[in-house]
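For reference, the structure is listed below as structure tokens.
Residue numbers (our numbering): 293 to 1065.
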């Protein structure tokens, strides 16, 4: 940022920003939004604040989004901001992990005297940048940091408005007064020109240079006197980037580098361009000026300039993620090299910037020839697009793309089609459309030419899983058993491991524990351990099922080992939709082991991953588990808050997610002293006094909680009835933890002996229940 003209009319706003930086006790980041119409002086205010911060010995880093680079991931962040963070092609990194790495980087930059992070023109920021900003607002860096985001409010996308709506102070810049305007451009300013500029500093300066023009036309008038070469270079700068490197400018302008450098010097002398430090890069004095130049370029020359820039980037071996923007602007239909660049860029950013990945995939699809020989490529790109839309929470659009895929896919081979149907069913369920999901899968199953094929096993397992998620615990076992029987006949090892896992899980859901189920669990463990990563990745649900099954069947060390393997594979193979489930499984295992802080870290990861999917169901599950562990850690108020948010997100639908949310909120309410509220929540979620709407193992723990709440309400007979029910259900299940919960309803000492470690809190509560009973 270069300071040239006088700084007038913004002293009060500058003092407000300085006050944020020098406020006493600043140990956590503070956020300020600077708003105003184009040309009102937002960029200049940020420059003055940067100068003041540097004078005080505070580190300053800045970034600016570009109007014509809205699909460049993390475009608002400058290289020095992220010099130790790899944002390009981080294939095995979750978005929330990248956000945390950047937050850590900001804390490092803040040592020792503090940090000012200035983000300009954020209304043009790409979705990945806005996700990061949202993360920083929700989880502010714990350091002396001030983050200022300048933007035009009328052009702000919904995600930006939402991110800055809670706890972010806004400084709005209005028009300069007439006296302030005269200080800016001189005493010869009259009211006519002042009114024509509407007190806008940018237009006031432009009118001072070209008094006969009006508003934006005054900016265009600055270009009228440029020589042909200078105008050509000015246009090339507008094409290349918000910050343009001379070598690329020369390529875009189709001029020798020496001639280009001379023109850049002349444009800088005229203050059309401004140099940036020692990097050699230049940018326009104001983004509106760049916009005027870019929009004034003929479409043919602009197309060719983007093509020359793309060629120069390719020749210099620039990453495909850097080439993609210019390739998109210059590719022609059928250009396979351009398609390859766009697809490679999409793959590189699928994890860290899936919205941008989706944009580039659409661009590749537009370029793909309508030729039968390209149908497989089209199906592959559409599948990738559906995935990108799904992980960003664009479930309806993902569903539309998947339906397009199914309309194009032939009936054979049946397995890939069955997998697409399964993914589509998952999206339907995330939209709350459980019946539609089951109908879709069942229709596909009924249409198979071979009901005993691998595709049939895939679809039967999907039907079993769908029934579980929908909270239908009465008929899911039949589908699981059928899937297992079919998979055994097919003989595909990863598929067989997945169906065994599904069958064991559904046995647990129905409270069935016998030698056959335990033998299946042993077989599942042996199979998963023997599979190579590439084979297991084809049916990664096998290790997800196994980890959760080991958790509920109290093989906790094995659960941690297999859930960790599943998490690694999910990240490296791009199956990010499984991350929330896997981290919740890890957190629950740590919780049962009494390692509460480790559990809390897992649930925080799960919640962050769920937020980025915008899935109410996944957020419900993660928040409910956070409520559970935060309550056990002693922060009762936070446990209640998280539980209430989980119940709110669950909505009126009664499914597995909703049941967990109500149960965890009931626990928090109980500890908060609201036993009546706990009873109401449990009965509402369980459907009756016996809580028969819950699956058996969970039902035991909630019956124990209900017994405690009834005792707290001075209803000992109801409490003992709940304890009797808990004991009866626990005996049928036969596992230690359910038996511990059942015993706890009667005698805390017996419960402690059965449950083992990590039960002191429940011991205390059991004593309280008995004293009331």
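Note that the Cβ used here is the ideal one computed from N, Cα and C, for glycine as well.
Between the region 898-914 and the region 930-947, do three or more beta carbon pairs fall short of 8 Å?
With the cut-off at 8 Å, the region 898-914 and the region 930-947 touch.
If you compare alpha carbons, which of 555, 801, 619, 531 is closest to residue 579?
Of the residues 555, 801, 619, 531, the one whose Cα lies closest to the Cα of residue 579 is 531.
Leaving out five residues on either side along the sequence, give the residues of the same chain with a beta carbon under 6 Å from the beta carbon of residue 1039.
Caution is warranted here: a pLDDT of 48 is assigned to residue 1039, below 50, making its placement in the model unreliable, and no coordinate value can be reported.
As assigned by DSSP and simplified to three states, the class of residue 369
Here residue 369 sits in coil by DSSP.
Between 608, 787, 599, 605, which has its C-alpha nearest residue 624's C-alpha?
The shortest Cα separation from residue 624 among 608, 787, 599, 605 belongs to 599.
State the beta-bridge partners of residue 412 as determined by DSSP.
Residue 412 pairs with 356.
Per-residue DSSP class, three states only, for residue 404:
Secondary structure of residue 404 (DSSP, three-state): coil.
What are the boundary residues of the beta strand (DSSP E) that includes residue 463?
461-464 is the extent of the beta strand (DSSP E) around residue 463.
Between residue 328 and residue 533, how many whole angstroms is the CB-CB distance? I'm expecting something under 8 Å.
The Cβ separation is near 24 Å, so there is no contact.
Best match in 440, 897, 879 for proximity to residue 355 [C-alpha to C-alpha]:
Check the Cα spacing between residue 355 and each of 440, 897, 879: the tightest is with 440.
Residue range of the beta strand (DSSP E) that includes residue 325:
Counting along the chain, the unbroken beta strand (DSSP E) around residue 325 starts and ends at 322-327.
Rounded to a whole number of angstroms, what is the C-alpha to C-alpha distance between residue 552 and residue 335?
Distance between the alpha carbons of residue 552 and residue 335: 27 Å.
Determine the direct distance from the alpha carbon of residue 957 to that of residue 985, and round the result to whole angstroms.
Near 17 Å, if we compare the C-alpha coordinates of residue 957 and residue 985.
Give me the DSSP bridge partner(s) of residue 439.
Note: residue 439 is bridge-paired with 323, 409 in the DSSP secondary-structure output.
Assuming residue 796 and residue 841 are in contact, meaning their beta carbons sit under 8 Å apart, how far apart are those beta carbons, in whole angstroms?
Correct: roughly 5 Å between the Cβ atoms.
Buried versus exposed, by CB contacts within 10 Å (16 or more), residue 325:
With 16 or more Cβ atoms within 10 Å of its Cβ, residue 325 is classed as buried.
According to DSSP, is residue 1021 part of a helix, a strand, or is it coil?
DSSP places residue 1021 in helix when its eight states are reduced to three.
Write down the C-beta distance between residue 333 and residue 302 rounded to the nearest angstrom, noting that I regard them as a contact closer than 8 Å.
With a beta-carbon spacing of about 6 Å, residue 333 and residue 302 fall inside the 8 Å limit used to define contacts.
With DSSP collapsed to three states, give me the class of residue 708.
In the structure shown, residue 708 sits in a helix (DSSP, three-state: H, G or I).
Run through the DSSP bridge pairs and tell me what residue 565 is partnered with.
Paired residue(s): 576.
Among 523, 847, 594, which has the Cα closest to the Cα of residue 622?
The shortest C-alpha separation from residue 622 is found at 594.
How would you call residue 774, buried or exposed, if buried means at least 16 neighbouring beta carbons within 10 angstroms?
In this structure residue 774 is buried. Its beta-carbon is surrounded by 16 or more other beta-carbon atoms within 10 angstroms.
Would you list the one or two residues that DSSP bridges to residue 536?
According to DSSP, which records beta bridges pairwise, residue 536 is partnered with 574.
Cβ-based neighbour list, residue 605, same chain, cut-off 8 Å, excluding 5 preceding and 5 following:
If we look at residue 605 and ignore the five residues flanking it on each side, its Cβ neighbours are 540, 614, 615, 618.
For residue 588, would you say it is in contact with chain D, using Cβ-to-Cβ distances shorter than 9 Å as the test?
In summary, chain D is missing from the structure at hand, where a single protein chain is found.
By the 10 Å Cβ neighbour count, where 16 or more other Cβ atoms means buried, how is residue 897 classified, buried or exposed?
Buried is the call here.
Whole angstroms are fine: how far does the CA of residue 674 sit from the CA of residue 681?
Residue 681 and residue 674 have their C-alpha atoms spaced approximately 10 Å apart.
Cβ neighbour criterion (16 or more within 10 Å) applied to residue 738:
Exposed: under 16 other Cβ atoms inside 10 Å.
Considering only residues of the same chain and omitting the five flanking positions on each side of residue 360, which have a CB-CB separation below 7 Å?
Taking C-beta separations shorter than 7 Å and ignoring five residues to either side along the sequence, the partners of residue 360 in its chain run 586, following chain order.
Distance between beta carbons of residue 463 and residue 696, contact taken as under 8 Å:
Between residue 696 and residue 463 the beta-carbon gap is near 46 Å, outside 8 Å, which marks them as no contact.
What's the call for residue 561, buried or exposed, on a 16-neighbour Cβ count within 10 Å?
Per the 10 Å Cβ criterion, exposed.
Return helix, strand or coil for residue 351, following the three-state DSSP convention.
Looking at residue 351 - three-state DSSP - the assignment turns out to be strand.
Out of 724, 1022, 367, 397, state which residue places its alpha-carbon closest to the alpha-carbon of residue 949.
The option with the nearest alpha carbon to residue 949 is 724.
Residue 298 - containing alpha helix (DSSP H), residue span:
According to the DSSP assignment, residue 298 belongs to no alpha helix (DSSP H), since it is labelled neither H nor E.
Report yes if the CB atom of residue 834 is closer than 9 Å to the CB atom of residue 792, and no otherwise.
Their beta carbons are under 9 Å apart, which means residue 834 touches residue 792 by this criterion.
Pick out whichever of 878, 702, 634, 964 has its Cα sitting closest to the Cα of residue 651.
Of 878, 702, 634, 964, the residue nearest in Cα terms is 634.
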